[in-house]
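Undergrad: Counting from 13, one number per residue, gives the positions in the sequence shown under this note's numbering. Glycine included, C-beta positions come from ideal geometry on N, C-alpha and C.
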Amino acid sequence: MNPIKLSFILPLLLISQNSLQAESLKVKVPKSLCSDLDIRDTMKSDELKEHFTRPRSQGSSGWCYGFVAADLLSVEAEVPLSSTHVSSIYNSAIFKEALENEKGKFYIYKTYKRTSRKGSDPEFKKILSGGNIYWAVKDSVDKRYLCSEKDLPFDASGLETTKSELINNLENIKKLEWPSLPSKLGCERAKSIVEFLGVNASVYEVWKLILNNNVNISLEKLTSMSCKDPVKLDSSIEVKRLKIPKADSKKYARSSFGKRKLERDTKKIIKAFKKIGYLLSHGRPVAVNYNANHISIVEGDHSSSITGRRWKNGRCEYKVRNSWGESCIEYNDSDITGCNREEGSFWVTDQKLYEMAQDIFYIDS
């Protein structure tokens, strides 16, 4: 990669004397580095273009990371891939790790808080919620294949059917059934799962599978069985992290050290924004983790996909593909520059993207 020229620094970061004492840097990508981009423009597949145009809603699943990881992998496979399968593979991998070592077990306790640490082998009876994009991609690649979104769509009806027909039934069977004979209600729940996933298995086989495994492992086994035409993944696919240094007034004090630190971080920031532009220009979405309160009334960690860029009203803006359906009600008008209801996305300025981004991940073969 060519070294970044110093001449790029000033137009990207306009830093006044006062900003050296402020909490965050003022980022401004110049128009010369902000051509209009949309990852769909480079896609040959109409199915994939439609996938990145259609709104999607995670409902109450907590699987936003699965949607984003599936976005990254869908472009690599050139076919829309199932976020449900991605999330189930990740959940299963996390739980298996917890069974194998104390470190993994502690991660489960700390992250999901499903039960107390009493007992040497506590049993988790709920589907894990929330996750990590990096490991979701890696676990899926290790699986070597994924269901297509066509085979295993998430909530195709828009009525939280994945939650009600799959997740809730799995949890209730595990929580309420005795490992002898299925109850009438247990059979009805297992039947709903069979019909929802379209798996080639009997109601009793599904009921028994759930009773004999943790629900997270059962979920992965059942969703994998629903793949009618599995999509192979190249084992060389590698997810990478893009680091964007965050400003700290203590680091940028009026000293020779602070100024050198500012110059180094400035170069890293412009390099990061140039990398985002490079990925978008090559049709690749960019994953971003952030606290949702940066752009909405919602509090908590969240993940979305950056899919476009434009110059508007003298600022460089980035299009963020979300998983909150077609609604624009949740967003703060003062924090976003536009909401595209028809595509389930919103726009933010370069400054807002810099401020909100906690982690950025991408695939670049």
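Excluding the 5 residues flanking W323 on each side, which residues of the same chain have their C-beta closer than 6 Å to its C-beta?
TA: Residue numbering aside, residue 323 sits at position 311 when the sequence shown is read from its first letter. Within the same chain, W323 has close Cβ partners K43, C46.
Undergrad: Can you tell me the Cβ-Cβ gap for F373 and A299, rounded? I've got them flagged as a contact below 8 Å.
TA: Looking up residue 373 in the sequence shown gives position 361. Looking up residue 299 in the sequence shown gives position 287. The Cβ separation is near 4 Å, so the contact holds.
Undergrad: Out of curiosity, what's the CA-to-CA distance linking D347 and P257?
TA: Taking the sequence shown and counting its residues from 1, the one referred to as residue 347 is at position 335. Taking the sequence shown and counting its residues from 1, the one referred to as residue 257 is at position 245. If you take the alpha carbons of D347 and P257, they lie about 21 Å apart.
Undergrad: DSSP state of Y302, grouped into three classes?
TA: Looking up residue 302 in the sequence shown gives position 290. Strand.
Undergrad: Cα-Cα, which of R272, K280, R276, V332 is closest to R292?
TA: Walking along the sequence shown from the start, residue 292 turns up at place 280. Residue 292 is actually Leu in this sequence, not Arg. Closest option to L292, Cα to Cα, is V332.
Undergrad: Helix or strand or just coil, what does DSSP make of T349?
TA: The residue labelled residue 349 in the question sits at position 337 within the sequence shown. Note: T349 maps to coil in three-state DSSP.
Undergrad: At the level of alpha carbons, what is the spacing between T127 and S104?
TA: Start at 1 with the first residue of the sequence shown, and residue 127 comes out as number 115. Start at 1 with the first residue of the sequence shown, and residue 104 comes out as number 92. Because T127 carries a pLDDT of 38, less than 50, the predicted location of this residue cannot be relied on, and the following value inherits that uncertainty. Computed Cα separation, rounded: 18 Å.
Undergrad: Which one of S317, G295, H294 has the shortest CA to CA distance from Y302?
TA: In the sequence shown, the residue the question calls residue 302 occupies position 290. Among S317, G295, H294, the Cα nearest to that of Y302 is on S317.
Undergrad: Find out if the Cβ-Cβ distance for the pair G142, G71 is shorter than 8 Å.
TA: Indexing the sequence shown from 1 puts residue 142 at position 130. Indexing the sequence shown from 1 puts residue 71 at position 59. Cβ distance not < 8 Å, so G142 and G71 don't count as in contact.
Undergrad: I'd like the list of long-range same chain contacts for A369, defined as Cβ closer than 7 Å, with 5 residues on each side in sequence excluded.
TA: For the purposes of this step, residue 369 is taken as residue 357 along the sequence shown, with counting starting at 1. The residues are I256, V300, Y302.
Undergrad: Closer than 8 Å, CB to CB, is S268 near chain D or not?
TA: Included in the structure is just one protein chain, with no chain D present.
Undergrad: Name the residue from I309, T235, I205 whose alpha carbon lies nearest to the alpha carbon of S152.
TA: As a first step, residue 152 must be located in the sequence shown, where it is residue number 140. It is T235 whose Cα lies nearest to the Cα of S152.
Undergrad: To the nearest angstrom, how far is the alpha carbon of I5 from that of F107?
TA: One cannot answer for residue 5 here, as it falls past the ends of the chain, which runs 13 to 377.
Undergrad: Hey, could you find the ends of the alpha helix (DSSP H) T278 is sitting in?
TA: Walking along the sequence shown from the start, residue 278 turns up at place 266. Here the alpha helix (DSSP H) through T278 covers 268 to 293.
Undergrad: Let me confirm a value: G5 is counted as buried when at least 16 other C-beta atoms fall within 10 Å, else exposed. Which label applies?
TA: Summary: the structure shown does not reach residue 5, with the chain confined to residues 13 through 377, and so no result is reported for it.
Undergrad: Around the C-beta of G272, are 16 or more other C-beta atoms found within 10 angstroms, so that it is buried, or is it exposed?
TA: Counted from its first residue, the sequence shown places residue 272 at position 260. Sequence inspection shows Arg at residue 272; the Gly mentioned does not correspond to that position. Exposed, by the Cβ-count rule.
Undergrad: Per DSSP, what kind of secondary structure is V149 in: helix, strand or coil?
TA: For the purposes of this step, residue 149 is taken as residue 137 along the sequence shown, with counting starting at 1. Looking at V149 - three-state DSSP - the assignment turns out to be helix.
Undergrad: Would you call the region 76 to 87 and the region 181 to 189 touching, i.e. three or more CB-CB distances under 8 Å?
TA: no
Undergrad: Would you tell me roughly how many angstroms separate the C-alpha atoms of I309 and S214, rounded to the nearest one?
TA: Along the sequence shown, one-based indexing puts residue 309 at 297. Along the sequence shown, one-based indexing puts residue 214 at 202. Near 45 Å, if we compare the C-alpha coordinates of S214 and I309.
Undergrad: Rounded to a whole number of angstroms, what is the C-alpha to C-alpha distance between Y366 and R68?
TA: On the sequence shown, residue 366 is found 354 positions in, with the first residue counted as 1. On the sequence shown, residue 68 is found 56 positions in, with the first residue counted as 1. In a straight line, the C-alpha of Y366 is about 25 Å away from that of R68.
Undergrad: Please state whether the Cβ-Cβ distance between I139 and V80 is less than 8 Å.
TA: Counting from 1 along the sequence shown, the entry for residue 139 is found at position 127. Counting from 1 along the sequence shown, the entry for residue 80 is found at position 68. Their beta carbons are not under 8 Å apart, which means I139 does not touch V80 by this criterion.
Undergrad: Just to confirm my understanding: we take K56, look at its own chain, exclude 5 residues before and 5 after, and list those with CB closer than 7 Å. What are they?
TA: Here the question's residue 56 lines up with position 44 in the sequence shown. Result list for K56: empty, nothing under 7 Å.
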